[in-house]
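What follows is a set of notes on a single structure, which appears directly below.
Residue numbers (the numbering used here): 94 to 133.
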């Protein structure tokens with residue numbers, strides 16, 4: 094896997110963790126980062 098795919102997967106798992114913990118602002122920031130890496 095490329096570095097961008099690995100970073101995307103890490104951010105995705107972090108986003109899921111944030112959502113489970115109720116950290117909505119951190120979850121939304123993770124979604125923005127996921128969108129950025131998905132465009133590459």
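Backbone N, C-alpha and C define an ideal beta-carbon position, used for all residues, glycine too.
- Close Cβ partners of residue 127 (< 8 Å) along its chain, the five nearest in sequence each way excluded: 101, 104, 105 and 108
- Message: If you follow the alpha helix (DSSP H) that residue 108 is in, where does it begin and where does it stop?
- Response: 96-114
- Task: Compute the Euclidean distance between the alpha carbons of residue 95 and residue 121, then round it to the nearest angstrom.
- Result: In this structure, the alpha-carbon of residue 95 lies about 24 Å from that of residue 121.
- Euclidean distance between Cα positions of residue 111 and residue 131: 19 Å
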